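Chains as they are written, first to last, in the numbering used here: chain A, 1 to 164; chain B, 1001 to 1357. Only one structure is covered here, and it is reproduced in the block below.
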């Protein structure tokens, strides 16, 4: 049996069942090592599964994260992302993978308290902005001025607060 | 010497015995917001992450008055010992720069820095006890988060280098002793069945499922789309099922050909008392049968605890630790045998009239 990635003799036979779907893969020792199969803690399913989605749009092939330099090719090969910003850059190629990889695609677990505080402020800003837009549309300038002041106050508060 | 810390701890003190489930572990993967993940970070960035994390960790309960070390300071043997005790991963032990680990005094908590992710928070407990272990891991994580900014996304949860860890970043696992399922050749069926439920089965050191000593690490595979308590509950239900299957397999082995099993156990006991050269995998298989004998009541309880302690002490790093220096494999086999003979010399004959567990 030949390796899924090169023409060498396959010695590692991997079967994984994710959400009831069986994924089989035969790899040679070298590719298995490279893909982290021999160390299941670091198994890069992303790179293994990409063989099941071999067609990638020309648009995604040139994707690069400006923040850390990770390319779409890097992600395909190693199954790892390089930084927080990668999750924005590669989201279009990542999302279809997540569906098969996890129980769902939305986080339902713990939320760090710092990001919770930040989120509330962000949400408040969004609501104020929406109301401001509405007030301007309704030509209620008195209310709009009030809302604008609130918004300014909130924004100065968050930017002057210690980071995080 | 750093490993003195372990030598004193490993003497005499054994974990509380618990049949079938040996230990529970919860691991959380976290990254700092402003830095690239370790795999992409420049040397200077990794150094900055290390010092930032080490400084923050030493202030967090229960890591105060902990042991914190940078991997560069450790010998190869020290690293191997930490891996054998499951306190650091193989990946971190091979890290070439800016890796670190912080250990609580009782070794129940360890935090790895600059592994695949900036932080790998790990809490270990005896037996099957997710409630306590998760609570501690959660508190530790919150404590760390009060001083460090995590990379977090409201849809994808905690952002990790590998998307397989996204969401909760949590891997919850239990180390289980399943000789009944192995001997009755049912382990493959169990692995297949639990894989369907998004649960992974690995060997003691994650190197494949036909683990020596019939010890398996069973953990959740999926981290996104469920809350931590939901993941744990699902895992717990599966584990209880496996315990049930293991008990049935043991009963059936006894019913079908009890004398063969007793013969096997007794030969293992004989071997541990009389061997002069023994490799770690053979030792593990014999220790597994001693543990089983204690579960059946053929041997006093204390021999289960002894087997559990020896599972670690027969590992290559620990044999060298007791020798006080790195030694060749052949010499290790001799030393390992000497230790086992000494530890098991007073083991009594099997008490076959005892009640089955």
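Just so you know, even glycine gets a beta-carbon here, dropped at the ideal spot from N, CA and C. Note that the structure is predicted; figures quoted are calculated from it, not measured.
(1) At a cut of 8 angstroms, does the segment 1054-1065 of chain B reach the segment 1099-1108 of chain B through at least three beta carbon pairs?
(2) Straight-line CA distance for residue 1184 (chain B) to residue 1260 (chain B)?
(3) Please classify residue 1316 (chain B): is it buried, with 16 or more other beta-carbons within 10 angstroms of its beta-carbon, or exposed?
(4) Report the partner residues of residue 1167 (chain B) according to the DSSP bridge assignment.
(5) Where does the unbroken alpha helix (DSSP H) through residue 1240 (chain B) begin, and where does it stop?
(6) Could you tell me which chain B residues have their CB closer than 7 angstroms to the CB of residue 112 (chain A), listed as they occur along the chain?
(7) Which residues in the same chain have their Cβ closer than 8 angstroms to the Cβ of residue 151 (chain A), if we skip the five residues on either side of it in sequence?
(8) Starting from the beta carbon of residue 100 (chain A), find every residue of chain B whose beta carbon is closer than 7 angstroms, and list them in chain order.
(9) Please list, in chain order, all residues of the same chain as residue 1212 (chain B) whose beta carbon is under 7 angstroms from its beta carbon, the five residues on each side excluded.
(10) With C-beta atoms as the reference, is residue 1087 (chain B) less than 8 angstroms away from residue 1023 (chain B)?
(11) Sorted by chain position, which residues of the same chain lie with C-beta nearer than 6 angstroms to residue 988 (chain B)'s C-beta, five sequence neighbours on each side aside?
(12) Output yes if chain B places a C-beta closer than 8 angstroms to the C-beta of residue 107 (chain A); else output no.
(13) Given this structure, state the Cα-to-Cα distance separating residue 1170 (chain B) from residue 145 (chain A), to the nearest angstrom.
(14) Can you have a look at residue 1337 (chain B) and say buried or exposed, based on whether 16 or more other CB atoms are within 10 angstroms of its CB?
(15) Is residue 166 (chain A) close to chain B? Criterion is C-beta to C-beta, closer than 8 angstroms.
(16) So what's residue 107 (chain A) in DSSP terms, helix, strand or just coil?
(17) First and last residue of the beta strand (DSSP E) that includes residue 1345 (chain B)?
(18) Taking the C-alpha atoms as reference points, what is the distance between residue 1218 (chain B) and residue 1202 (chain B)?
(19) Let me make sure I understand the geometry here. Which of B:1343, B:1312, B:1347 has the alpha-carbon closest to that of residue 1080 (chain B)?
(20) Considering only residues of the segment 1294-1334 of chain B, which uninterrupted beta strand (DSSP E) runs meet the minimum length of 3 residues and lie entirely inside it, listed in chain order?
(21) Could you tell me the alpha carbon to alpha carbon distance between residue 1249 (chain B) and residue 1180 (chain B), rounded to whole angstroms?
(22) Please confirm whether residue 1039 (chain B) and residue 1161 (chain B) have their CB atoms less than 8 angstroms apart.
(23) Would you tell me roughly how many angstroms separate the C-alpha atoms of residue 1028 (chain B) and residue 1271 (chain B), rounded to the nearest one?
(24) Who are the near neighbours of residue 1246 (chain B) in its chain, counting only those whose CB is closer than 7 angstroms to its CB and skipping five residues on each side?
(25) If the cut is a Cβ gap below 9 angstroms, which residues of chain B does residue 10 (chain A) touch?
(26) Residues in the same chain with beta-carbon distance under 7 angstroms from residue 1264 (chain B), minus the five sequence neighbours each way, listed in chain order, please.
(27) Excluding the 5 residues preceding and the 5 following residue 1025 (chain B) in the sequence, name in chain order all residues of the same chain whose CB lies nearer than 6 angstroms to its CB.
(28) Rounded to the nearest angstrom, how far is the Cβ of residue 1071 (chain B) from that of residue 1095 (chain B), given a contact under 8 angstroms?
(29) Could you work out which residues of chain A lie near residue 1228 (chain B), taking near to mean beta carbons separated by less than 8 angstroms?
(30) Closest by CA to residue 1042 (chain B), which one among A:110, A:67, A:121, A:154?
(31) What does the Cβ neighbour count give for residue 1142 (chain B), buried or exposed, with the cut at 16 atoms within 10 Å?
(32) Taking a cut of 8 angstroms between CB atoms, which residues from the segment 68-98 of chain A lie near chain B?
(33) Which residues, in order along the segment 1021-1041 of chain B, keep a beta-carbon less than 7 angstroms from a beta-carbon of chain A?
(34) In the DSSP assignment, find the beta strand (DSSP E) that holds residue 1125 (chain B) and state where it starts and stops.
(35) Tell me, to the nearest whole angstrom, how far the beta carbon of residue 1224 (chain B) is from that of residue 104 (chain A); I am working on the premise that it is less than 8 angstroms.
(36) Tell me which residues share the same chain as residue 147 (chain A) and place their Cβ nearer than 8 angstroms to its Cβ, disregarding the 5 neighbours each side in the sequence.
Checking against the coordinates, here is how it stands:
(1) Counting Cβ pairs under 8 angstroms, three or more are found: they touch.
(2) Working through the second chain from its first residue, we reach residue 1184 (chain B) at position 184. Working through the second chain from its first residue, we reach residue 1260 (chain B) at position 260. Taking the straight line joining both Cα atoms gives about 13 angstroms.
(3) The residue given as residue 1316 (chain B) occupies position 316 in the second chain. Buried, by the Cβ-count rule.
(4) Residue mapping note: residue 1167 (chain B) aligns to position 167 of the second chain, counting from 1. Partner(s): B:1157, B:1158.
(5) As a working mapping, residue 1240 (chain B) is identified with position 240 in the second chain. Residues 1228-1274.
(6) One-based indexing of the first chain puts residue 112 (chain A) at position 112. Within 7 angstroms Cβ-Cβ: 1145, 1150, 1152.
(7) Residue mapping note: residue 151 (chain A) aligns to position 151 of the first chain, counting from 1. Excluding sequence neighbours, residue 151 (chain A) sits near 125, 128, 129, 132.
(8) Here the question's residue 100 (chain A) lines up with position 100 in the first chain. Per Cβ cutoff of 7 angstroms: no residues; residue 100 (chain A) is ~10 angstroms from chain B at best.
(9) As a first step, residue 1212 (chain B) must be located in the second chain, where it is residue number 212. These residues qualify, in order along the chain: 1281, 1284, 1285.
(10) In the second chain, counting from the first residue as 1, residue 1087 (chain B) sits at position 87. In the second chain, counting from the first residue as 1, residue 1023 (chain B) sits at position 23. No, the Cβ-Cβ distance between residue 1087 (chain B) and residue 1023 (chain B) is not below 8 angstroms.
(11) Coverage of chain B is limited to positions 1001 through 1357, which leaves residue 988 (chain B) absent and any answer about it impossible.
(12) Sequence index remark: in the first chain, residue 107 (chain A) carries index 107 (1-based). Chain B contact via Cβ: present.
(13) For the purposes of this step, residue 1170 (chain B) is taken as residue 170 along the second chain, with counting starting at 1. For the purposes of this step, residue 145 (chain A) is taken as residue 145 along the first chain, with counting starting at 1. For residue 1170 (chain B) and residue 145 (chain A), the distance between alpha carbons rounds to 47 angstroms.
(14) Position 337 of the second chain, counting from 1, holds the residue named residue 1337 (chain B). Burial check for residue 1337 (chain B): the Cβ neighbour count within 10 Å reaches 16 or more, so the residue is buried.
(15) Because chain A is modelled from 1 through 164, residue 166 (chain A) falls outside the range shown and cannot be assessed.
(16) Counted from its first residue, the first chain places residue 107 (chain A) at position 107. Secondary structure at residue 107 (chain A): coil, using DSSP grouped into helix, strand and coil.
(17) Here residue 1345 (chain B) refers to the residue found at position 345 when the second chain is read from its first residue. Run containing residue 1345 (chain B): none; DSSP gives neither H nor E here.
(18) To locate residue 1218 (chain B), count along the second chain from 1; it is residue 218. To locate residue 1202 (chain B), count along the second chain from 1; it is residue 202. If you take the alpha carbons of residue 1218 (chain B) and residue 1202 (chain B), they lie about 6 angstroms apart.
(19) Mapped onto the second chain, residue 1080 (chain B) falls at position 80. Residue 1080 (chain B) has its Cα closest to that of B:1312, out of B:1343, B:1312, B:1347.
(20) none
(21) Taking the second chain and counting its residues from 1, one reaches residue 1249 (chain B) at position 249. Taking the second chain and counting its residues from 1, one reaches residue 1180 (chain B) at position 180. Their backbone Cα atoms lie some 5 angstroms apart in a straight line.
(22) Residue 1039 (chain B) sits at position 39 when you count from the first residue of the second chain. Residue 1161 (chain B) sits at position 161 when you count from the first residue of the second chain. Result yes, Cβ atoms of residue 1039 (chain B) and residue 1161 (chain B) sit closer than 8 angstroms.
(23) For the purposes of this step, residue 1028 (chain B) is taken as the residue at position 28 of the second chain. For the purposes of this step, residue 1271 (chain B) is taken as the residue at position 271 of the second chain. Approximately 41 angstroms, taken between the alpha carbons.
(24) Your numbering for residue 1246 (chain B) matches position 246 in the second chain. Cβ neighbours of residue 1246 (chain B) beyond the five flanking positions: 1020, 1178, 1180, 1181.
(25) In the first chain, counting from the first residue as 1, residue 10 (chain A) sits at position 10. Within 9 angstroms Cβ-Cβ: nothing; residue 10 (chain A) doesn't reach chain B, min ~16 angstroms.
(26) As a first step, residue 1264 (chain B) is located in the second chain; it is residue number 264 there, counting from the start. Answer for residue 1264 (chain B): 1289, listed in chain order.
(27) Taking the first residue of the second chain as position 1, residue 1025 (chain B) is located at position 25. Contacts found: 1124, 1173.
(28) For the purposes of this step, residue 1071 (chain B) is identified with residue 71 of the second chain, where counting begins at 1. For the purposes of this step, residue 1095 (chain B) is identified with residue 95 of the second chain, where counting begins at 1. Right, their Cβ atoms sit about 6 angstroms apart.
(29) For the purposes of this step, residue 1228 (chain B) is taken as the residue at position 228 of the second chain. Chain A residues near residue 1228 (chain B): 109, 110.
(30) Here residue 1042 (chain B) is taken as the residue at index 42 of the second chain, counted from 1. Per the Cα distances, A:67.
(31) Along the second chain, one-based indexing puts residue 1142 (chain B) at 142. Flag for residue 1142 (chain B) reads exposed.
(32) 68, 69, 70, 78, 79, 80, 81, 82, 83, 84, 87, 94, 97, 98
(33) 1033, 1036, 1037, 1039, 1040
(34) Position 125 of the second chain, counted from the start, is the residue given in the question as residue 1125 (chain B). Element bounds for residue 1125 (chain B): 1119-1126.
(35) As a first step, residue 1224 (chain B) must be located in the second chain, where it is residue number 224. As a first step, residue 104 (chain A) must be located in the first chain, where it is residue number 104. Correct: roughly 6 angstroms between the Cβ atoms.
(36) If you number the first chain from 1, residue 147 (chain A) lands on position 147. So the list reads 128, 131, 132, 135, once near-sequence residues are dropped.
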